[in-house]
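Visitor: So the protein lines, in turn, are chains A and B.
Going by our numbering, the first sequence wraps up at 512, each residue one higher than the last.
Going by our numbering, the second sequence wraps up at 512, each residue one higher than the last.
There are 2 protein chains.
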Amino acid sequence: MSDDTVKYTLPESAIPTSWVNLLPDLPGDPVPPLNPATMEPAGPPDLTPIFPMGLIEQEVSPEPEVEIPEEVREAYKLWRPTPLYRARRLERELDTPARIYYKYEGVSPAGSHKPNSAVAQAYANKEAGTRGLVTETGAGQWGSALALACQMFGLECLVYMVGASYDQKPYRRSMMEAWGATVHRSPSDTTEAGRSQAEHPTGSLGIAISEAVEVAAQDESTNYALGSVLNHVCLHQTVIGQEAIAQLELAGDQPDVVVGCVGGGSNFSGIAFPYVRDVLRGKAKTRFVAAEPAACPTLTRGAYRYDFGDTVGTTPLLPMYTLGHDFVPPPMHAGGLRYHGDSPMLCGLVKNGLVEARAYRQNDIFEAAVRFARTEAIVPAPEPAHAIRAVIEEADAAKQAGEERVILFNLCGHGHFDMSAYDAYFAGKLEDPEFSEDDMEAALERLPEAPAIA
Amino acid sequence: MSDDTVKYTLPESAIPTSWVNLLPDLPGDPVPPLNPATMEPAGPPDLTPIFPMGLIEQEVSPEPEVEIPEEVREAYKLWRPTPLYRARRLERELDTPARIYYKYEGVSPAGSHKPNSAVAQAYANKEAGTRGLVTETGAGQWGSALALACQMFGLECLVYMVGASYDQKPYRRSMMEAWGATVHRSPSDTTEAGRSQAEHPTGSLGIAISEAVEVAAQDESTNYALGSVLNHVCLHQTVIGQEAIAQLELAGDQPDVVVGCVGGGSNFSGIAFPYVRDVLRGKAKTRFVAAEPAACPTLTRGAYRYDFGDTVGTTPLLPMYTLGHDFVPPPMHAGGLRYHGDSPMLCGLVKNGLVEARAYRQNDIFEAAVRFARTEAIVPAPEPAHAIRAVIEEADAAKQAGEERVILFNLCGHGHFDMSAYDAYFAGKLEDPEFSEDDMEAALERLPEAPAIA
Numbered sequence: 059m060s061d062d063t064v065k066y067t068l069p070e071s072a073i074p075t076s077w078v079n080l081l082p083d084l085p086g087d088p089v090p091p092l093n094p095a096t097m098e099p100a101g102p103p104d105l106t107p108i109f110p111m112g113l114i115e116q117e118v119s120p121e122p123e124v125e126i127p128e129e130v131r132e133a134y135k136l137w138r139p140t141p142l143y144r145a146r147r148l149e150r151e152l153d154t155p156a157r158i159y160y161k162y163e164g165v166s167p168a169g170s171h172k173p174n175s176a177v178a179q180a181y182a183n184k185e186a187g188t189r190g191l192v193t194e195t196g197a198g199q200w201g202s203a204l205a206l207a208c209q210m211f212g213l214e215c216l217v218y219m220v221g222a223s224y225d226q227k228p229y230r231r232s233m234m235e236a237w238g239a240t241v242h243r244s245p246s247d248t249t250e251a252g253r254s255q256a257e258h259p260t261g262s263l264g265i266a267i268s269e270a271v272e273v274a275a276q277d278e279s280t281n282y283a284l285g286s287v288l289n290h291v292c293l294h295q296t297v298i299g300q301e302a303i304a305q306l307e308l309a310g311d312q313p314d315v316v317v318g319c320v321g322g323g324s325n326f327s328g329i330a331f332p333y334v335r336d337v338l339r340g341k342a343k344t345r346f347v348a349a350e351p352a353a354c355p356t357l358t359r360g361a362y363r364y365d366f367g368d369t370v371g372t373t374p375l376l377p378m379y380t381l382g383h384d385f386v387p388p389p390m391h392a393g394g395l396r397y398h399g400d401s402p403m404l405c406g407l408v409k410n411g412l413v414e415a416r417a418y419r420q421n422d423i424f425e426a427a428v429r430f431a432r433t434e435a436i437v438p439a440p441e442p443a444h445a446i447r448a449v450i451e452e453a454d455a456a457k458q459a460g461e462e463r464v465i466l467f468n469l470c471g472h473g474h475f476d477m478s479a480y481d482a483y484f485a486g487k488l489e490d491p492e493f494s495e496d497d498m499e500a501a502l503e504r505l506p507e508a509p510a511i512a
Numbered sequence: 059m060s061d062d063t064v065k066y067t068l069p070e071s072a073i074p075t076s077w078v079n080l081l082p083d084l085p086g087d088p089v090p091p092l093n094p095a096t097m098e099p100a101g102p103p104d105l106t107p108i109f110p111m112g113l114i115e116q117e118v119s120p121e122p123e124v125e126i127p128e129e130v131r132e133a134y135k136l137w138r139p140t141p142l143y144r145a146r147r148l149e150r151e152l153d154t155p156a157r158i159y160y161k162y163e164g165v166s167p168a169g170s171h172k173p174n175s176a177v178a179q180a181y182a183n184k185e186a187g188t189r190g191l192v193t194e195t196g197a198g199q200w201g202s203a204l205a206l207a208c209q210m211f212g213l214e215c216l217v218y219m220v221g222a223s224y225d226q227k228p229y230r231r232s233m234m235e236a237w238g239a240t241v242h243r244s245p246s247d248t249t250e251a252g253r254s255q256a257e258h259p260t261g262s263l264g265i266a267i268s269e270a271v272e273v274a275a276q277d278e279s280t281n282y283a284l285g286s287v288l289n290h291v292c293l294h295q296t297v298i299g300q301e302a303i304a305q306l307e308l309a310g311d312q313p314d315v316v317v318g319c320v321g322g323g324s325n326f327s328g329i330a331f332p333y334v335r336d337v338l339r340g341k342a343k344t345r346f347v348a349a350e351p352a353a354c355p356t357l358t359r360g361a362y363r364y365d366f367g368d369t370v371g372t373t374p375l376l377p378m379y380t381l382g383h384d385f386v387p388p389p390m391h392a393g394g395l396r397y398h399g400d401s402p403m404l405c406g407l408v409k410n411g412l413v414e415a416r417a418y419r420q421n422d423i424f425e426a427a428v429r430f431a432r433t434e435a436i437v438p439a440p441e442p443a444h445a446i447r448a449v450i451e452e453a454d455a456a457k458q459a460g461e462e463r464v465i466l467f468n469l470c471g472h473g474h475f476d477m478s479a480y481d482a483y484f485a486g487k488l489e490d491p492e493f494s495e496d497d498m499e500a501a502l503e504r505l506p507e508a509p510a511i512a
């Protein structure tokens, strides 16, 4: 066994002081969201009923750097900077000349990268005088992160949890309750949106968003919080990539390829956007790989169209790859990736060929996850297991090419609340739900009438 | 909010190079274990059927420092050094002048301090040519740590898991399996010891130990591994306290009191022994508080006698506080603390008045745990929640005295696999089993005939 360093840590003083805003660097004119009633570009006034102005300003900011409030950096200190690992044991197992690094966001109290945005959103709402936040959650990672953040900043917290995950992962709910949140199974009978979707008892992120937005829109003292997709969420997550840059400098390496899983795009944006900016500015030639589930293959099989962010159709229309806002993905264990759309910024990068998307089946990603756990010790959540699968492909490709490539990926969370999925995998009972081309065609016919994306 | 540092991190180079062996510093002559057949002092030959010589040498070492093998330090790098936190949010909540610090061992891949000893034991066995290890586990923390360590060093791993925890915490079992271990519910029908205890279906650590020792004794290629109690296990855990000393130096503080929970004594020893040595050498005046469950109050209610380490009575007799080797503690959620005895070294310190023991009820420790989670964000395991309860008492005492006392405790693990206990607590369904004085008297009558402890 060699004596190489495996873990690159940074002091608290190295927590970034600003977030990286990719918006001004993106090629072409900005593509605005549309008001669902008028189909005209939606601006800040369309968002004020459910978001505080502080976050709306971040959503549309033209500044390449957005300062992180001191109170948010103070909250980050509880778990940031997160470690960067060199995956030497996995490299040996793969017998690859590649050097594999991973940023580990599972050290946060909620066990994933989600608190990076949750504390920023809770702080902005507290500053705006908001009494409580309402949100949706898939696997429970975002919900538990927001429950924690609300507890830290003295806000009430109400969470609509996707039915399939609520049933599979009861302990994520317990965790949200330990942090003082109230949790409803979605679709619920507490909202009009929920009651209208009773025929989809397993739920979906789109349905849960409709429920949460409805509650926030009807209660002036309550705002909505989204854990992914929107620009300001991707913005908040860029602390991940900024720290990774500093840590890879310590290691004396530069990534040839950056890999992340994608559900709505938040963890992928977090690790990748600081590097994407360097590529857009001609300073680097990094490749980017976005890994998604074959059962919900938004980036690889979706249409690049304006679509609603939620199922019922109350949010602004977003320019993105979509499987149709009323697509209900089959129950699967990477609950955080069951979303019909993706971050418009990320979708634009895929459309422009800057980011390559790949889709993987559930059994294949658990095979990769177990391989990782048995070498690197950390048991990964099913979501980043998609990234691990792509990393193994990249490492094998480096071996075939005989090249010392540097691979960086985001291990966005641990699998402590996903062990029932590992059980199912070991028992050979994990299904690989098929994405149906017919479903896709039908969904596209139900897309809202909207202009093509410029 | 202030800008104070909350987290003290150390570089990998600060991982200790030796373990602290308290044995030569203990007051009085060493008190040896006894051979159960002869009642004569047990020496290394009594232990060779189930332990490798490398660990036996550590068990009886007269050296105050024992060098950590390079391969073990290399394994430690996956999670060590662990962070030391200043609990500023908890301090504010308690409105105390005390400064509270906690060492957080939950960052290990298994989620507790247990891998500190597991990798040391797996390495020593691998060096000795052992094929596989067999062990017992309560809440599953030790079992998952050993499963991980065996995976890292290429050993087979068989775990007897206490029935009550096996039923309450199925996901700890899944984790052990993810790392390649085989797990049996104890009492099982795979051993004579297990079959003899079928009338105690909830099991106990003592019964599970009997099963594991039986398997190890009968198979020459298989050894036994214990996660607590023995000298070499306490030795391995002293990396915790050594790192804490370095981190508190960074903070410019010295602890007035060091607090840990006690089941068999491993995490308490880990944080405390390096400080205890300073006290024994006249270099410090630190106080020590050991927190245990009222339902299994070994240190506060037990008898200081020679007793078996296991239920069936096959291990050497150990000099310790005991509730009787056949005491089966009631099912409770701090499964890691359900043991009838405690580390002989720790018991000696309690007997000598160097360590103060306190017992707490289950509902009180969960109240403390939730208070901690809602301020410090980390959801603690039920075991260290006992320590948190004692810390809150100490912080309140500092407030009453108007003194700026410094409190250090070991947060030995997170509660991600214990959320069903939080559920029960919130639902008001958590029982507070009574320790019965009658049971104690009956158990004492069944203690083995042995000399009094010198």
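Even glycine gets a Cβ: it sits at the ideal position worked out from N, Cα and C.
Fair warning: this is a prediction, and the values are worked out from it, not measured in the lab.
1. Note the first and the last residue of the continuous alpha helix (DSSP H) segment covering B:S170.
2. Could you tell me the alpha carbon to alpha carbon distance between A:S202 and A:A239, rounded to whole angstroms?
3. Can you confirm whether B:T67, when its beta carbon is compared against all beta carbons of chain A, has any partner nearer than 8 Å?
4. Indicate whether B:V192 and B:A270 have their beta-carbon atoms separated by less than 8 Å.
5. Closer than 7 Å by beta-carbon distance: list the chain B residues that pair up with A:S558, in chain order.
6. Return no unless some Cβ of chain A is closer than 8 Å to the Cβ of B:R157.
7. Tell me whether A:K341 is buried or exposed, calling it buried when 16 or more other Cβ atoms sit within 10 Å of its Cβ.
8. List the residues that DSSP assigns as beta-bridge partners of B:A415.
9. Rounded to the nearest angstrom, what separates A:E250 and B:M233 at their Cα positions?
10. Using a Cβ-Cβ cutoff of less than 7 Å, which residues in the same chain neighbour B:L375 once the five nearest sequence positions on both sides are dropped?
11. State buried or exposed for A:S401, treating a residue as buried only when at least 16 other CB atoms are found within 10 Å of its CB.
12. Starting from A:R432, find everything on chain B with Cβ-Cβ shorter than 7 Å and list it in chain order.
13. Rounded to whole angstroms, what's the CA-CA distance from A:M59 to A:R150? Just pull it up for me.
14. Mind checking who A:F475 pairs with in its DSSP beta bridge?
15. Can you have a look at B:Q458 and say buried or exposed, based on whether 16 or more other CB atoms are within 10 angstroms of its CB?
16. At the 8 Å Cβ level, is A:T63 part of the contact set with chain B, yes or no?
17. Output needed for B:A256: all residues of its chain with C-beta closer than 7 Å, excluding positions within five of it in sequence on either side, in chain order.
18. Is there at least one Cβ from chain A nearer than 8 Å to B:V165's Cβ?
19. For B:I73 and B:T67, what's the separation of their Cα atoms in angstroms?
20. Is the number of C-beta pairs between the region 106-113 of chain B and the region 265-285 of chain B that are closer than 8 Å three or more?
21. So A:G101 is in the beta strand (DSSP E); what residue range does that whole segment cover?
22. Buried or exposed, going by whether 16 or more other CB atoms sit within 10 Å of the CB of B:A512?
23. Do we get a CB-CB distance below 8 Å when we pair A:L206 with the residues of chain B?
24. Write down every uninterrupted run of the beta strand (DSSP E) in the region 430-493 of chain A whose length is 3 residues or greater and which is fully enclosed by it, in chain order.
25. Taking beta-carbon pairs under 7 Å, can you tell me which members of the region 451-477 of chain A lie near chain B?
26. Are at least three pairs of beta-carbons, each pair with one atom in the region 327-346 of chain B and one in the region 381-390 of chain B, less than 8 Å apart?
27. Hey, would you say A:A168 sits closer than 8 Å to A:Y218, going by beta carbons?
28. Please check if any C-beta of chain B sits within less than 8 Å of the C-beta of A:V437.
29. Measuring CA to CA, which of B:A222, B:V287, B:Q312, B:Y362 is closest to B:G328?
30. Who are the neighbours of A:V428 on chain B, taking C-beta pairs under 8 Å?
31. If you count every other CB in all the chains shown that lies within 10 Å of the CB of A:D87, and 16 or more means buried, which is it?
32. DSSP three-state call for A:A256: helix, strand or coil?
33. Closer than 8 Å, CB to CB, is A:E301 near chain B or not?
34. For B:S71 and B:G299, I'd like the C-alpha separation in whole angstroms.
35. Return the CA-CA distance between A:V130 and B:T373, expressed in angstroms with no decimal places.
36. What is the DSSP secondary structure of A:I158, counted as helix, strand or coil?
Guide: Here's the rundown:
1. Position 112 of the second sequence, counting from 1, holds the residue named residue 170 of chain B. No alpha helix (DSSP H) contains B:S170, which DSSP labels as neither H nor E.
2. Working through the first sequence from its first residue, we reach residue 202 of chain A at position 144. Working through the first sequence from its first residue, we reach residue 239 of chain A at position 181. Distance between the alpha carbons of A:S202 and A:A239: 8 Å.
3. Residue numbering aside, residue 67 of chain B sits at position 9 when the second sequence is read from its first letter. Yes, because at least one Cβ of chain A sits closer than 8 Å to the Cβ of B:T67.
4. On the second sequence, position 134 is the one that residue 192 of chain B refers to. On the second sequence, position 212 is the one that residue 270 of chain B refers to. Going by C-beta atoms, B:V192 is nearer than 8 Å to B:A270.
5. With chain A represented from 59 up to 512, any question about residue 558 of chain A goes unanswered, as that position is not in the structure.
6. Here residue 157 of chain B corresponds to residue number 99 of the second sequence, with the count starting at 1. So, not an interface residue.
7. Sequence index remark: in the first sequence, residue 341 of chain A carries index 283 (1-based). Flag for A:K341 reads exposed.
8. Start at 1 with the first residue of the second sequence, and residue 415 of chain B comes out as number 357. B:A348.
9. Along the first sequence, one-based indexing puts residue 250 of chain A at 192. Along the second sequence, one-based indexing puts residue 233 of chain B at 175. One C-alpha to the other measures close to 40 Å.
10. Along the second sequence, one-based indexing puts residue 375 of chain B at 317. Excluding sequence neighbours, B:L375 sits near P91, L92, P94, Y364, D365, F366, P506, A508.
11. Here residue 401 of chain A is taken as the residue at index 343 of the first sequence, counted from 1. Its Cβ being crowded by 16 or more others within 10 Å, A:S401 is buried.
12. What you label residue 432 of chain A is simply residue 374 of the first sequence in a count that begins at 1. Near A:R432 (Cβ distances below 7 Å), the residues of chain B are Q209, W237, G238.
13. Sequence index remark: in the first sequence, residue 59 of chain A carries index 1 (1-based). Sequence index remark: in the first sequence, residue 150 of chain A carries index 92 (1-based). Residue confidence is low: A:M59 scores 36 on pLDDT, short of 50, so the model does not pin down where it sits. Its coordinate-derived value is still stated next. The alpha-carbon atoms of A:M59 and A:R150 are separated by roughly 10 Å.
14. As a working note, residue 475 of chain A is residue 417 in the first sequence. In the DSSP output, where bridge partners are listed per residue, A:F475 has none listed.
15. What you label residue 458 of chain B is simply residue 400 of the second sequence in a count that begins at 1. Burial call: exposed.
16. Taking the first sequence and counting its residues from 1, one reaches residue 63 of chain A at position 5. Output row for A:T63: interface = yes.
17. Here the question's residue 256 of chain B lines up with position 198 in the second sequence. Result list for B:A256: P245, in chain order.
18. Taking the second sequence and counting its residues from 1, one reaches residue 165 of chain B at position 107. Output row for B:V165: interface = yes.
19. Taking the second sequence and counting its residues from 1, one reaches residue 73 of chain B at position 15. Taking the second sequence and counting its residues from 1, one reaches residue 67 of chain B at position 9. Using only the alpha carbons, I get a separation of about 11 Å.
20. yes
21. By one-based count along the first sequence, residue 101 of chain A stands at place 43. Counting along the chain, A:G101 falls outside any beta strand (DSSP E), and DSSP gives it neither H nor E.
22. As a working mapping, residue 512 of chain B is identified with position 454 in the second sequence. Exposed is the call here.
23. Here residue 206 of chain A corresponds to residue number 148 of the first sequence, with the count starting at 1. Closer than 8 Å: yes.
24. 464-469
25. H474, F475, M477
26. no
27. Sequence index remark: in the first sequence, residue 168 of chain A carries index 110 (1-based). Sequence index remark: in the first sequence, residue 218 of chain A carries index 160 (1-based). For A:A168 and A:Y218, no; Cβs fall outside 8 Å.
28. Here residue 437 of chain A is taken as the residue at index 379 of the first sequence, counted from 1. Interface residue, yes.
29. Residue mapping note: residue 328 of chain B aligns to position 270 of the second sequence, counting from 1. When each option's Cα is compared against that of B:G328, the closest is B:V287.
30. Taking the first sequence and counting its residues from 1, one reaches residue 428 of chain A at position 370. Under the 8 Å cutoff, chain B gives A236.
31. Translated into positions along the first sequence, residue 87 of chain A becomes position 29. A:D87 should be labelled exposed.
32. In the first sequence, the residue the question calls residue 256 of chain A occupies position 198. A:A256: coil per DSSP, three-state reduction.
33. Position 243 of the first sequence, counting from 1, holds the residue named residue 301 of chain A. No, A:E301 does not count as interfacial toward chain B.
34. Start at 1 with the first residue of the second sequence, and residue 71 of chain B comes out as number 13. Start at 1 with the first residue of the second sequence, and residue 299 of chain B comes out as number 241. The straight-line gap from Cα to Cα measures roughly 16 Å.
35. Here the question's residue 130 of chain A lines up with position 72 in the first sequence. Here the question's residue 373 of chain B lines up with position 315 in the second sequence. Approximately 54 Å, taken between the alpha carbons.
36. Reading the first sequence from its first residue, position 100 is the one you call residue 158 of chain A. Three-state DSSP puts A:I158 in a strand.
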